[in-house]
Structure formats: structure tokens, C-alpha cells
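Novice: The following block contains the structure, expressed as C-alpha cells.
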Amino acid sequence: MSIRIFVPRDSAALALGADAVAHRILAEAARRKIEVSLVRNGSRGMLWLEPLVEVQTAAGRVAYGPVSIEDVSALFDANFHNGGKHTLSLGLTEELAYLKKQERLTFARVGITDPVSLDDYVSHEGYQGLRKALKMTDAAIVQQVTESGLRGRGGAAFPTGIKWQTVLNTPAAQKHIVCNADEGDSGTFADRMLMEGDPYVLIEGMTIAALAVGATQGYIYVRSEYPHAIKVLNEAIDIARNAGYLGLNVLNSGKGFELEVRKAAGAYVCGEETALLESLEGKRGIVRAKPPLPAISGLFGKPTVINNVISLASVPIILAKGAAYYKDYGMGRSRGTLPFQLAGNIKQGGLIEKAFGITLRELLYDYGGGSASGRKIKAVQVGGPLGSYLPESQWDTPLDYEAYTALWAVLGHGGIVVHDDTADLARLARYAMKFCAIESCGKCTPCRIGATRGVEVMDKIIAGQDRPAQIDLLRDLCDTMLNGSMCAMGGMTPYPVLSALNHFPKDFGLVNKDTAKGDHHA
Amino acid sequence: MSLAYDHMQIANILSLQQSRPGALLPILHDIQDALGYIPPDSVPQIATALNLSRAEVHGVITFYHHFHTTPPAQHTIQICCAEACQSRGAEQLVAHAEKKLGGRKQGDCSLKPVYCLGLCANSPAMMIDEELHAHVTPEKFDRLLKHLGENS
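Right, here's the structure in full:
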């Protein structure tokens, strides 16, 4: 029997030379007349170890990493293809503490299976949720999702079941399922890893959503910066359609669901759901006023379920194992798990799926191993470019939607960006304003004009020009943006800006902390 | 004449795509994939096919960062400038890249910022044409640039 070797096809692994490593392994095996079958799996999420090469042994899969092409010959010399010891040996993959301590529900298969193998998917409990859903009424499916406590994983944390119920209750000849895969936040890569590592779970989740609300057409709107995810999804959709899991008659149920990938075009604001719908309709990605809600009048004016990748990909396990199983994880009103993404200046960056309630300190040190630079960690931005910077005094708060709201912070999509003590928070606050100015859709004045004025004010503060008055002006401007913007783009840019100002006043040239402590919300 | 050729190629793309719902973005992607950019001359042609005004088509092309209306350089280098890459020296990398590319011949390489390639745990990251690179140090940048020079 040939030896099974796994080399990830995940973008992070590719960016570190995984393709070259895979080619070298095949060439070296051929030269040594060793029969090898190579699987291009997703990433296990231990991204500092990429490219992480695994070999199937009788005891389980053993890991080696990070592997470069120069290591391949020596790995064969060390008999790695039979699990032999080498300086890059990491032991059994499943026993690695980083992975073993996780609670992988949504990411159960990512890194384990061949992403485009439907057989792999089905033999690893895939499509069990859909098979159950096909025996249930639409209302019963929605009820399971509601009872699971699942909330929108894209950042807004709106209860998924309630959204679906609204679409179910709105009669229409045509309804749509839209997956928001416009993952533009820095520090987030869970959507990408899932689409590249287990596309069928997203396809299954969207199919279940279609059954639940009576939709027949679905779209996955993927950012143009993710060409590999687009490729994997298109491959998987074709295979699923040919096998009868998509199309006019899903698994001979008499119900149809068609699915299509649409490529975005590099506008951050299209991650906002109404701008995304505009973009899908072929227009500029300009935010719509709400109401009407997309659930009532969404894509092409039809009732539309629009959910994030991780929300939809969490649905199959909820249907397969029941709402109670999923709800058992988590704390308070944050039920289930969140794939946290540890990024930036961190020694062991990667994806950590855990139940809500873990603390930032545990993630930063128990998993992350401290900063990559070896310097003291100064500030941590949670929830993407529109999330607050958290100082060390806040790192023991459990990661829970409500607990973070109470800190005037945002849990969002679970993206965590670490900065060491060389970071200048005034410059990062300026960047937040600049990013908003670049990416604003221009529909509302507080965001369009406010962000540009914000950059100017920050420039004056950084230059030490009339600081107290400029800081008053900055607070005033943030107040207008917070309360007057139409969507989160302008409405949440003040989170990184004001949290930086309030927690790191020295970086803004304020010596006495008290002078900086204004009212957060004012 | 290359202009006439473009028009024919665009006509083919339009006839394949124009009946899809929300066809404009897929059409613009296909044109840019085929020609490397979206010729401003093609705007009236696209508008007519989709029953849109020229202003609407122009508005869409200019709204999205991904679309451009002039032929691209031989190579496009995109360095991520978002927070996770900033925390690992993206600003220094951009400065280094600007200095290095200053010495190269015009039209050869264009340097653009990009806001997130989804490689945030392996920062700083960049993309050369379609190829992703992570943990990019100035030394690694020089190596990749040298390689690019040898291949072009």
C-alpha cells in the first residue's frame, strides 16, 4: 500500500512554499522508488508551523514542520515516510497541545480531509445534517437553529434563527441565500481557511438554509483577494451538483437549490450586508438604508438570508447533533464555539476554535506563546479594524459578546491582532481613520467627510499642534461618526480611535492619564 | 488594429454573460482577466449591452479597487498594509520596496497597497501577480524581486 502524505493547499501554506515542498516530495519519492499518495489537505491552523507535512502511520498522523524544500531529502533519509524521527518531528498531530485543547465543531474536518473529496466529506460525518433536514418541516429546521443559540459570526452577532424565521414568514416566489465571504478584516482568516479546507460544509449549510426558508438560489460572494478559496469552492460545487447534492432535485427530495460563486472586486465596505447585495446586483457597493431588512427585501428585492461563512458552516453540525449539543458550549448568551484567529505580532499564530468564555490572556500566552518579537505585548485589537484596542488590564475578561460590549469593545468575528511595545497607538488611530477614508462608500456624510477630517486631526495631534483642542475635536468628530453613520464602517471606526486614546494617552502626547479620560460614549 | 480586436473579445464576453442576474461585475472581471484592464473605450459597449447608462458603468468600474482602466505593469506587487502586517514591519517593507523598485525600468513593476490577504498570522504578507508570499523580510523581498527579474 502506498504511503499517504499530506501537504496543505491552504493559502497560508502556499505563501510559505507548500507547492514546491509537495513537488519535491513527489520527485524525491520517485527517485527513491517509494510509492507515495499525496493529499493536498486544508490547514490544521497551526500557522507558524506551515508548511506542515503529515504522514499517515499505524499510530495516527505524524507531523513535521515547518518544512522547506531543502529539508525534503533529509526527511526521506530519516525515514519520515514511515514516521521516522527528524529535527522537524512534532509527533502525533492530534496530540499537539495547540490542537488537542481546542473544541472543533465547525472546523472538525479542516486539515484532516481532502477539501474537494466528497467521499472524504461523507465518511467524516458530512451531509448528515442535510439528510436530517430533508425529513423535517421548514419551521422545525428554523427552530433547531434558533434553539442552538447561534448568532451571526461575521461580527454583528444577530441571532441566525430569527433572521431565517423572518425570511420563512415572508411569502415570495423567489428567495435567496447569500453567503458573505467578503472577509476583509485584518486579523481574520477563518472564512478563508474554512472555504479552502472544507468547502462542502458551507455548501451543506447553505442547502439547509434554502430548505428552511424555501429559497432556490444561492450566491457565495468571495473577495477577489482569495483566488484559492474561489477555486476550491467552484470545484466542490461542481462535484456536489454532479452527485445530486445541488441542482433541481436535491437528493431526490423534489426540492431544488442552485449555488454560484461571485467574485468581489476589492471594496472593504461590501462586507456590510446591504452594500454586498448592491454589489451582487452589479452596482457600486453603496450601503442601503434599513428598513427594509434584507430578510424582507434583499437581493433583487426578494427575501434573502444573508449570513457569514462561519454562521452557515455551523448549521450542519447543529442539525446533525441537535441544537442542545451545540448550545452546551459557550457562556451567557454566547452559545457554541468561535474560531478565534490569533494574528499579528504573535509567536504561534493560527486558528483556535474554542467555546466562548476563554480569555484573551489564555489565547495570547497559553496558545500564542507571547509576541513573535519577544517584546512585551502592548495592545491587542479584537474584532477587526473596527474593533477596540485592549490594554493588558482587560485581557482577563471572558471572550463573550456581552462582556466585550461592556468593555466598549467588540468580539466580532474573533480576529485578534497583537502589537508589541514598539507600536504607536496614535499612528494606529490615524490608520483607522485613513482606512475609513479609503474604504467609505460615500453614502453618508459622517463617514465620508468625518474620516478625512479624522486623519487631519490625528496628523495635528501627532505633530503636537494644539493638542488639547485637537483631542476635543477628535472626540466630537467620533461622536458624530458613532451616532450619525449609516453602517458600521463610519459608526465603528471610533472604536479603535477612542480606545487607543483612552487606554494609551501617552502615545497621543498626554502625560496625565486623567486628561484623556473623557466619556467613551460622548 | 488592437482596438477592433478588443471590441470583438468584449462582445464575446458580453454575449456569454449579459443575461445573468447582476451581470456587470462578472463581465468586468472577465474583461480584465482577458485584457489585463478595462479599456475606457469599452464603456459604451458594455452599457448598451446591459441597458445601463455609461455613467452607471463608469461608476462601478471606478468604485472598486480591483478594476483598472489602464494597462497594468508587467508585474504587480501588492504589499499588505493592514494592522496585522503593520505589527510585523509592513511599513518598513513598503519603504524598502519603494527604494528598490525606484531603480528599475518604468512599466516593469507597479507597487500597490492591499488591505488584507488573509495571511495575518504569517505577516507581513504580499502578492506578486497571483502568487502569495508570507513572512516577507526585506531580504526575502530582494530575493523574490531578483527571481522576478530573471523570469521577465
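So the sequence lines, in the order shown, correspond to chains A and B.
Take the first sequence: its letter number 328 is residue 328 in the working numbering, and every next letter is one higher.
Take the second sequence: its letter number 110 is residue 110 in the working numbering, and every next letter is one higher.
Built from N, CA and C at the ideal position, the CB exists for glycine as well.
1. Does the CB of A/E183 have a neighbour CB from chain B at under 8 angstroms?
2. Looking only at its chain, what residues have a beta carbon closer than 6 angstroms to the beta carbon of A/F189, apart from the 5 residues adjacent to it on each side?
3. Of the residues that make up the segment 273 to 305 of chain A, which ones have a beta carbon closer than 9 angstroms to any beta carbon in chain B?
4. Rounded to the nearest angstrom, what separates A/P8 and A/I358 at their Cα positions?
5. Looking at A/T146: is its Cβ nearer than 8 angstroms to the Cβ of A/Q174?
6. Between the segment 89 to 118 of chain B and chain A, which residues of the former have CB atoms less than 7 angstroms from a CB of the latter, in chain order?
7. Give the DSSP-derived three-state secondary structure of A/L105 in the structure shown.
8. Pick out the complete alpha helix (DSSP H) segments inside the segment 284 to 367 of chain A, 4 residues or longer, and give them in chain order.
9. Against chain A, does B/V43 count as a neighbour if the rule is that its beta carbon must be under 8 angstroms from one of theirs?
10. Quick one: Cα of B/C85 to Cα of B/I13, how far?
11. If we call anything under 8 angstroms between Cβ atoms a contact, is A/L364 one with A/I377?
12. Which residues bound the alpha helix (DSSP H) around B/I38?
13. Return helix, strand or coil for A/T452, following the three-state DSSP convention.
14. Helix, strand or coil, according to DSSP, for A/R151 in the structure here?
15. At least one CB of chain B closer than 8 angstroms to the CB of A/G266: is that the case?
16. Indicate the three-state DSSP secondary structure (helix, strand or coil) for A/D420 in the structure shown.
17. Quick one: which residues of the segment 48 to 64 of chain B get their C-beta closer than 7 angstroms to a C-beta of chain A? List them in chain order.
18. Give, in chain order, every residue of the segment 171 to 198 of chain A whose Cβ lies closer than 9 angstroms to some Cβ of chain B.
19. Got a sec: is the Cβ-Cβ distance from A/S37 to anything in chain B below 8 angstroms?
20. For a contact defined as C-beta to C-beta under 8 angstroms, what are the partners of A/Q341 on chain B?
21. Counting pairs of beta carbons, one from the segment 229 to 239 of chain A and one from the segment 115 to 134 of chain A, are three or more of them closer than 8 angstroms?
22. In whole angstroms, what is the alpha-carbon distance linking A/R31 and A/H23?
23. With distances taken from CA atoms, which of A/E35, A/G266, A/D459, A/P66 is nearest A/L90?
24. Going along chain B in order, which residues have a C-beta closer than 8 angstroms to the C-beta of A/R262?
25. Which of helix, strand or coil does DSSP assign to B/H65?
26. Give me the subset of the segment 488 to 516 of chain A whose CB atoms are less than 7 angstroms from a CB atom of chain B, sorted by chain position.
27. What residues from chain A crowd round B/H133, counting only those whose CB sits closer than 7 angstroms?
28. Could you give the first and the last residue of the continuous alpha helix (DSSP H) run that contains A/V122?
29. Assign B/L16 to one of two classes, buried (16 or more other C-beta atoms within 10 Å of its C-beta) or exposed (fewer than that).
30. So which residues on chain B does A/L47 lean against when the C-beta distance must stay under 7 angstroms?
31. What separation, rounded to the nearest whole angstrom, lies between the Cα atoms of A/G349 and A/L99?
32. How would you label A/N249, buried or exposed, when you count the other beta carbons within 10 angstroms and need 16 or more for buried?
33. Considering only their Cβ atoms, is the gap separating A/G450 from A/L477 smaller than 8 angstroms?
34. Please state the DSSP three-state secondary structure of A/P159.
35. Please report how far the alpha carbon of A/G374 lies from the alpha carbon of B/E130, in whole angstroms.
36. Mind pulling the chain A residues with CB within less than 8 angstroms of B/E130?
Specialist: This is what the structure holds:
1. Residue 183 of chain A sits at position 183 when you count from the first residue of the first sequence. It does; some Cβ of chain B falls within 8 angstroms.
2. Within the first sequence, residue 189 of chain A is the residue found at index 189, counting from 1. Same-chain partners within the cutoff: Q341.
3. For the segment 273 to 305 of chain A, the beta-carbon criterion of a distance under 9 angstroms to any beta-carbon of chain B is satisfied by S279, L280, E281, G282, K283, R284, G285, I286, L299, F300.
4. What you label residue 8 of chain A is simply residue 8 of the first sequence in a count that begins at 1. What you label residue 358 of chain A is simply residue 358 of the first sequence in a count that begins at 1. Those two C-alpha atoms are separated by around 28 angstroms.
5. Here the question's residue 146 of chain A lines up with position 146 in the first sequence. Here the question's residue 174 of chain A lines up with position 174 in the first sequence. For A/T146 and A/Q174, no; Cβs fall outside 8 angstroms.
6. Within the segment 89 to 118 of chain B, the residues whose Cβ lies closer than 7 angstroms to some Cβ of chain A are V114, Y115, C116, L117, G118, listed in chain order.
7. On the first sequence, residue 105 of chain A is found 105 positions in, with the first residue counted as 1. The DSSP-derived three-state label of A/L105 is coil.
8. Listed in chain order, they are 309 to 321, 323 to 327.
9. In the second sequence, residue 43 of chain B corresponds to position 43, counting from 1. Chain A contact via Cβ: absent.
10. For the purposes of this step, residue 85 of chain B is taken as residue 85 along the second sequence, with counting starting at 1. For the purposes of this step, residue 13 of chain B is taken as residue 13 along the second sequence, with counting starting at 1. The straight-line gap from Cα to Cα measures roughly 37 angstroms.
11. If you number the first sequence from 1, residue 364 of chain A lands on position 364. If you number the first sequence from 1, residue 377 of chain A lands on position 377. The criterion of a C-beta distance shorter than 8 angstroms is satisfied by A/L364 and A/I377.
12. As a working mapping, residue 38 of chain B is identified with position 38 in the second sequence. The continuous stretches of alpha helix (DSSP H) do not include B/I38, and DSSP gives it neither H nor E.
13. One-based indexing of the first sequence puts residue 452 of chain A at position 452. A/T452 sits in a helix when the DSSP states are folded into three classes.
14. Residue mapping note: residue 151 of chain A aligns to position 151 of the first sequence, counting from 1. Correct three-state label for A/R151: strand.
15. For the purposes of this step, residue 266 of chain A is taken as the residue at position 266 of the first sequence. For A/G266, the answer is yes, since a Cβ of chain B falls inside 8 angstroms of its Cβ.
16. To locate residue 420 of chain A, count along the first sequence from 1; it is residue 420. Assignment of A/D420 by DSSP, reduced to helix, strand and coil, places it in the strand class.
17. Of all residues in the segment 48 to 64 of chain B, G59, V60, F63, Y64 have a Cβ within less than 7 angstroms of some Cβ in chain A.
18. Under the 9 angstroms Cβ criterion, the segment 171 to 198 of chain A contributes E183, G184, D185, S186, G187, T188, F189, D191, R192, M193.
19. On the first sequence, position 37 is the one that residue 37 of chain A refers to. Chain B has no Cβ within less than 8 angstroms of the Cβ of A/S37.
20. Residue mapping note: residue 341 of chain A aligns to position 341 of the first sequence, counting from 1. Per Cβ cutoff of 8 angstroms: C120, A121.
21. A contact exists between the segment 229 to 239 of chain A and the segment 115 to 134 of chain A.
22. Reading the first sequence from its first residue, position 31 is the one you call residue 31 of chain A. Reading the first sequence from its first residue, position 23 is the one you call residue 23 of chain A. If I take the Cα positions, the gap works out to 12 angstroms.
23. Counted from its first residue, the first sequence places residue 90 of chain A at position 90. Residue A/P66 holds the alpha-carbon nearest to the alpha-carbon of A/L90 among A/E35, A/G266, A/D459, A/P66.
24. Taking the first residue of the first sequence as 1, we reach residue 262 of chain A at position 262. By Cβ distance, chain B contributes G22, L25, P26.
25. Residue mapping note: residue 65 of chain B aligns to position 65 of the second sequence, counting from 1. Looking at B/H65 - three-state DSSP - the assignment turns out to be coil, as it is neither helix nor strand.
26. Residues: none.
27. In the second sequence, the residue the question calls residue 133 of chain B occupies position 133. Near B/H133 (Cβ distances below 7 angstroms), the residues of chain A are A15.
28. Here the question's residue 122 of chain A lines up with position 122 in the first sequence. Taken as a continuous stretch (DSSP letters only), the alpha helix (DSSP H) holding A/V122 covers 118 to 123.
29. Along the second sequence, read from residue 1 onward, the residue named residue 16 of chain B stands at position 16. With fewer than 16 other Cβ atoms from the protein chains shown falling within 10 Å of its own Cβ, B/L16 counts as exposed.
30. As a first step, residue 47 of chain A is located in the first sequence; it is residue number 47 there, counting from the start. In chain order: A121, N122.
31. What you label residue 349 of chain A is simply residue 349 of the first sequence in a count that begins at 1. What you label residue 99 of chain A is simply residue 99 of the first sequence in a count that begins at 1. So the alpha carbons of these two residues sit roughly 12 angstroms apart.
32. On the first sequence, residue 249 of chain A is found 249 positions in, with the first residue counted as 1. A/N249 comes out exposed.
33. Here residue 477 of chain A corresponds to residue number 477 of the first sequence, with the count starting at 1. Here residue 450 of chain A corresponds to residue number 450 of the first sequence, with the count starting at 1. Judged by beta-carbon spacing, A/G450 lies within the 8 angstroms limit of A/L477, meaning their Cβ atoms are closer than that value.
34. Locating residue 159 of chain A in the first sequence gives position 159, where the first residue counts as 1. DSSP places A/P159 in strand when its eight states are reduced to three.
35. Counting from one through the first sequence, the residue named residue 374 of chain A turns up at place 374. Counting from one through the second sequence, the residue named residue 130 of chain B turns up at place 130. The alpha-carbon atoms of A/G374 and B/E130 are separated by roughly 33 angstroms.
36. In the second sequence, the residue the question calls residue 130 of chain B occupies position 130. Going along chain A in sequence order, the residues near B/E130 (Cβ under 8 angstroms) are P227.
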